[in-house]
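As structure tokens, the structure follows; a few thoughts come after it.
Numbering (my numbering), first residue to last: 5 to 256.
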């Protein structure tokens, strides 16, 4: 039985997609069977795994509206043990398409039933909003991982996201848990980064991962080459951090 994790934060620019791509790749590198689902209309996880999002006829959008079968949009990536359900800008129209659909909060969960047991981990990259797409991810998921940037407003929005998780748990998915918070873009040269980490750890009851993702130029470059950091610069600090995060997750 797979573990399904939604990577979510309604605040943009916090390393959500970077975490989805590189955590998936690090888990796959460790021999785990991984499916990454890009449910963000920007399609950055798709392109970050080396797939041209503009050349796709079958994506998560077609799957959700019922115009393709799951096997038609499932892509075997260039990386061992790592498959992808891609996304592109077409997904932006899905909420209008599903306006009158029955059980519209459960469509993704229902579509994945046939392959859920084929993987050890399913990682869902959510859009930076609390939309129907994010709700679909949370009704499908066992848990939610929240990336938080090491900056002054780190806690802004976290309470709202936790509240959303609680609402989904209470009304749609009783088994949903908060996997934990992971710090991203950590700069050891600044006092602010250290203060943010201390502040969050002292003020939230949720699990905070020990692994902290550093601010790293190689991490920023890798998506433009369509590669996870473990492939683009396997010996970099960013690659090692995501390997440690994957190991920490596997040990939970």
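Virtual Cβ for every residue (Gly too), placed ideally from N, Cα, C. As the structure is a computational prediction, the values presented were derived from the model and not from experiment.
For residue i, list the residues DSSP reports as bridge partners.
i, result
"residue 186", "151"
"residue 7", "125"
"residue 39", "87, 126"
"residue 212", "185"
"residue 218", "190"
"residue 80", "87"
How about residue i and residue j: do their beta carbons lie closer than 9 Å?
i, j, result
"residue 246", "residue 105", "no"
"residue 201", "residue 154", "yes"
"residue 217", "residue 23", "yes"
"residue 178", "residue 20", "no"
"residue 244", "residue 236", "no"
"residue 7", "residue 124", "yes"
"residue 120", "residue 126", "yes"
"residue 53", "residue 250", "no"
"residue 26", "residue 256", "no"
"residue 248", "residue 215", "yes"
"residue 188", "residue 18", "yes"
"residue 64", "residue 95", "yes"
"residue 147", "residue 9", "yes"
"residue 212", "residue 174", "no"
"residue 136", "residue 98", "yes"
"residue 221", "residue 162", "no"
"residue 166", "residue 210", "yes"
Taking buried to mean at least 16 other C-beta atoms within 10 Å of its own C-beta, is residue i buried or exposed?
i, result
"residue 134", "buried"
"residue 33", "buried"
"residue 190", "buried"
"residue 205", "exposed"
"residue 93", "exposed"
"residue 46", "buried"
"residue 48", "buried"
"residue 68", "buried"
"residue 229", "exposed"
"residue 75", "exposed"
"residue 11", "buried"
"residue 219", "buried"
"residue 231", "buried"
"residue 56", "exposed"
"residue 233", "buried"
"residue 5", "exposed"
"residue 156", "exposed"
"residue 242", "buried"
"residue 195", "exposed"
Counting only the same chain and skipping the five closest in sequence on each side, list residues whose C-beta sits under 6 Å from that of residue i.
i, result
"residue 172", "142, 180"
"residue 110", "143"
"residue 112", "140, 144"
"residue 176", "109, 143"
Ignore the nearest five residues each way along the sequence and tell me which others in residue i's own chain have a CB closer than 7 Å to its CB.
i, result
"residue 78", "87, 89"
"residue 197", "154, 190, 191"
"residue 158", "152, 200, 204"
"residue 16", "132"
"residue 35", "85"
Taking 8 Å as the limit between beta carbons, can you name the residues of its chain near residue i, skipping five residues before and five after?
i, result
"residue 164", "14, 134"
"residue 115", "67, 68, 74"
"residue 58", "92"
May I ask you to verify whether the segment 86-98 touches the segment 34-47, counting CB pairs closer than 8 Å and requiring at least 3?
The answer is yes - the segment 34-47 touches the segment 86-98, with three or more Cβ pairs under 8 Å.
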